[in-house]
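Okay, so here's the structure we're looking at.
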Amino acid sequence: MRPEPGDLLRIDGRASVQFAGDRALTFRVVSVCDRPTYAGWVWLTGYVLNRRGNATTKREIYVQLAGLRRVTSTPAASRSRVTRPYASRNDQGDGRAARDRSGLRARADAR
């Protein structure tokens with residue numbers, strides 16, 4: 018199997034002894050290096066993913082192609098928080114109060 022950018026892989030002892038046992042990791046491939054290496058080995062650049070599917074560390078790893086395994090189910094990615102401007106009571110849903118900040122002024126005047 019030749020990995021491509023975007024692939025999600027399970028890297029464990031089959032890919033390299035340095036990832037055996039509890040040192041196994043889930044890896045999102047960013048790039049595959051075209052440098053000449055030993056036959057059957059490849060340099061991969063990508064991100065280590067935690068159990069939630071969030072990237073924790075960017076790494077470059079040297080692994081055996083024969084030991085790479087695609088992950089069939091992706092880790093559950095956590096939802097990113099969306100920040101929104103303060104909505105006041107006089108905001109009618111058209112965003113006018115948020116744009117002109119009248120809601121913020123009204124709140125400050127109430128103090």
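Throughout, our numbering is defined as the position within the sequence shown, counted from one, plus 17.
Where is the CB? At the ideal position from N, CA and C, for every residue including glycine.
Would you please state the rounded distance, in angstroms, between the beta carbons of residue i and residue j? I believe it to be under 8 angstroms.
i, j, result
"R45", "A72", "7 angstroms"
"G84", "R31", "3 angstroms"
"R19", "R86", "Going by Cβ atoms, the distance from R19 to R86 rounds to 13 angstroms, so no, they are not a contact pair."
Hey, would you say residue i sits closer than 8 angstroms to residue j, going by beta carbons?
i, j, result
"L42", "V59", "no"
"Q81", "S48", "no"
Give the straight-line distance between the Cα atoms of residue i and residue j, rounded to the nearest whole angstrom.
i, j, result
"V88", "K75", "18 angstroms"
"G38", "D29", "7 angstroms"
"R52", "N67", "29 angstroms"
Report the partner residues of residue i according to the DSSP bridge assignment.
i, result
"Q44", "Before going further, note that residue 44 is Phe rather than Gln in the sequence given. DSSP lists L26, V65 as partners of F44."
"R87", "L26"
"V34", "None; V34 has no bridge partner."
What are the boundary residues of the beta strand (DSSP E) that includes residue i?
i, result
"A72", "72 to 81"
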